[in-house]
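Residue numbers (our numbering), protein chains in the order written: chain C, 115 to 306; chain U, 102 to 379.
Where a beta carbon is used, it is the ideal one built from N, C-alpha and C, also for glycine.
Let me begin by presenting the structure, written as structure tokens, before commenting on it.
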Amino acid sequence: MENIFMIMFTAILTENFIFSRFYGCCPFLGVSDKPSTALGMGMAVTFVMTLSSAATWAVYHYLLVPFGLEYLKTIAFILLIATLVQFIEMFLRKFIPALYGALGIYLPLITTNCAVLGAALVNIEEGYSFIESVVFGFSAAIGFTLAIVVFAGVRERLNFANPPKAFRGFPILLISASLAAMAFSGFSGMKF
Amino acid sequence: MKKSIPTLFKEGILINNPVFVQLLGMCPTLATTTSVMNALGMGAAVIVVLAFSNLFISLLRKIIPGEVRIASYIVIISGFVTAVELIIKAYFPAIDAALGLFIPLIVVNCIILARAEAFASKNGPLASFIDGIATGIGFMLALVCIAAVRELLGSGALFAASDGSGGVQIFGDWFSPATIFLLPSGAFLTLGFLIACVQKIRNTSEERARIKSLEMDAIEGGYHATLMKDPATGKIIRRSSYREPVPAEGEPTAEELELLDDPEIPETSAENNEKGAE
């Protein structure tokens with residue numbers, strides 16, 4: 115139990131996916147212009163990442179390891195994630211249209227989100243058990259959502275700022291991200 | 102849409118630099134630029150994957166059905182990524198340890214999918230292969246730029262090995278390294294400032310081009326008192342030095358040519374003749 119809490123704490127704060135490991139920076143910089151959009155994206159990522167952590171763990175340990183095909187894990191995982199995203203999209207559209215309405219437009223973007231593949235590969239690299247993998251996937255996605263929503267709030271304020279012409283747009287965004295990352299790096303002092 | 106090889110290189114490296122201009126592939130850009138050697142390793146891996154996946158996607162572009170093309174591209178790309186990953190694990194274990202999961206994560210690097218979709222699916226194999234190499238070099242140079250700034254300010258040395266040993270000490274003992282540049286926030290900061298520099302350069306050159314086109318309009322519209330455009334060569338010349346071209350002996354003069362072009366003259370003369378006959 116202690117172990118589970120440690121994984122959660124580390125994944126959400128100390129080793130935040132965006133500010134410390136740099137997984138998922140593209141949607142972080144691309145989709146985070148409004149808190150509502152950011153929250154939708156974050157929820158879609160949480161949904162897919164939890165499921166894909168479970169699915170990739172099962173495929174790796176019950177399919178790839180028995181046949182000695184561990185070196186194919188990148189190909190297997192990316193295909194699995196792409197299929198899973200497609201499947202989730204169809205399932206939601208058919209059975210939970212309300213949730214599909216909220217998450218639908220973000221789902222296709224998730225296949226090429228390196229956070230999802232990154233989480234699956236970290237699970238294998240760290241040798242997590244099934245429960246630990248699912249917890250890690252879930253809490254890493256919560257950390258991602260936290261970062262992207264907090265940053266969307268910062269970004270809304272940036273729209274009214276008046277930076278020098280050369281810094282307009284992307285550069286000022288990166289510099290504010292740098293300040294946010296500095297805040298998150300404060301958590302790295304907390305060790306168990 | 103044929104482009105020559107130098108144009109492809111110029112576009113991939115400078116005009117459409119994947120990191121500084123198109124702002125693609127931010128995850129590896131931020132994560133692997135703690136030292137110049139890591140940046141070179143990552144850049145080399147991306148060049149290989151990009152060149153070969155572009156080549157094979159271009160070869161297969163007429164066979165792959167449109168509906169499943171993205172999935173097919175991902176399978177081709179991940180095949181090459183796995184090959185590169187195994188080679189790096191076998192021959193360069195230090196780079197493998199430093200780059201960690203970012204080698205397998207090349208699969209979801211937006212640069213590679215973007216080049217596959219925007220270039221390789223529409224062009225021939227050779228052009229696609231060269232485009233892959235050029236874009237890869239652009240990516241590597243951008244990574245090396247960022248890494249050089251971060252490593253120099255963060256440790257005072259350049260070209261240190263992945264474990265921090267060796268390297269060329271640039272600054273003397275007086276320099277106290279600013280470790281923040283090696284931390285994640287330093288990555289965002291450096292990239293932010295470098296992209297601002299690129300935008301400044303682009304803004305300046307766009308401004309110059311705009312002023313030049315305004316000047317050209319003034320000259321062609323005749324608003325510019327002393328300058329004009331030579332109608333024969335298109336160069337800008339002084340009005341006072343311009344002379345009407347004198348026709349050579351035997352050639353028709355400008356007025357005669359105008360008369361020849363005018364279709365009404367022979368008709369009127371024919372009518373006059375008819376009237377005269379009546």
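- According to DSSP, residues forming a beta bridge with U/I338: U/M329
- Looking only at C-alpha atoms, which of U/A215, U/G287, U/L284 and U/G225 sits nearest to U/I106? U/G225
- Item | Cβ-based contacts, 8 Å cut-off: residues of the stretch 299 to 311 of chain U near chain C | Q300, K301 and N304
- Message: Suppose you measure from the CA of C/T197 to the CA of U/F272; what does that come to, to the nearest Å?
- Response: 52 Å
- Task: Would you tell me roughly how many angstroms separate the C-alpha atoms of C/N237 and C/N227, rounded to the nearest one?
- Result: 16 Å
- Tell me, please, which residues DSSP counts as bridged to U/A243. U/A243 pairs with nothing; no bridge assigned.
- Task: Output the boundary residues of the alpha helix (DSSP H) element that contains C/M115.
- Result: C/M115 -> no alpha helix (DSSP H), and no H or E assigned at all.
- Taking the Cβ atom as the reference point for each residue, do U/L124 and U/S229 lie within a distance shorter than 8 Å? no
- Message: Could you give the first and the last residue of the continuous alpha helix (DSSP H) run that contains C/F99?
- Response: Since the first residue shown for chain C is 115 and the last is 306, residue 99 of chain C is missing from the structure and cannot be characterised.
- Using a Cβ cut-off of 8 Å (strictly closer), state whether U/G180 contacts chain C. yes
- Message: In the DSSP assignment, the alpha helix (DSSP H) including U/V169 goes from what residue to what residue?
- Response: From DSSP, U/V169 is part of no alpha helix (DSSP H); its letter is neither H nor E.
- Please confirm whether C/F258 and C/G156 have their CB atoms less than 8 Å apart. yes
- Query: Three-state secondary structure (DSSP) at U/L141?
  - Reply: helix
- By Cβ distance, which residues of its chain are closer than 7 Å to U/T134, with the 5 residues on each side in sequence left out? A140, L244, I247, A248, R251 and A288
- Query: Relative to chain C, which residues along the stretch 225 to 241 of chain U have a C-beta separation below 7 Å, given in chain order?
  - Reply: none
- Query: Distance, Cα to Cα, U/A262 vs C/S292?
  - Reply: 26 Å
- Candidates C/L153, C/I121 and C/A190: closest to C/I219 by CA position: C/L153
- Message: Assuming contact is defined by CB atoms lying nearer than 8 Å, are C/F136 and U/L131 in contact in what I supplied?
- Response: yes
- Task: Tell me whether U/L161 sits in a helix, a strand or coil according to DSSP, three-state version.
- Result: coil
- Query: Helix or strand or just coil, what does DSSP make of U/V269?
  - Reply: strand
- What is the DSSP secondary structure of U/A262, counted as helix, strand or coil? coil
- Message: Going by DSSP in three states, U/A279 sits in which element: helix, strand or coil?
- Response: coil
- Message: By the three-class DSSP mapping on this structure, what secondary structure does U/L284 have?
- Response: coil
- Message: On the DSSP letters alone, give me the boundaries of the alpha helix (DSSP H) that C/A168 sits inside.
- Response: P149 to V173
- For the stretch 272 to 280 of chain C and the stretch 202 to 213 of chain C, state whether three or more C-beta atom pairs, one from each stretch, are separated by less than 8 Å. no
- Exposure of U/W275, with buried meaning 16 or more beta-carbon neighbours within 10 Å: exposed
- Is the CB-CB distance between U/M138 and U/P129 below 8 Å? no
- Item | Outcome for C/S174 when other beta-carbon atoms lying within 10 angstroms are tallied against a minimum of 16 | Note that residue 174 of chain C is Tyr in the sequence shown here, rather than Ser. Buried: at least 16 other Cβ atoms inside 10 Å.
- Message: Quick check on this structure: which residue in C/S134, C/V263, C/L235 and C/A233 has the alpha carbon closest to the alpha carbon of U/L284?
- Response: C/S134
- Can you find a CB in chain U that lies within less than 8 Å of the CB of C/V236? yes
- Is U/K223 helix, strand or coil when you go by DSSP? coil
- Taking C-alpha atoms, which residue in C/P211, C/I286 and C/A212 lies nearest to C/N273? C/I286
- Task: Within 10 angstroms of the Cβ of U/A310, are there 16 or more other Cβ atoms? Answer buried if so, exposed if not.
- Result: exposed
- Starting from U/G293, find everything on chain C with Cβ-Cβ shorter than 9 Å and list it in chain order. F281, F284, P285, I286, L287, L288, I289, S290, A291 and S292
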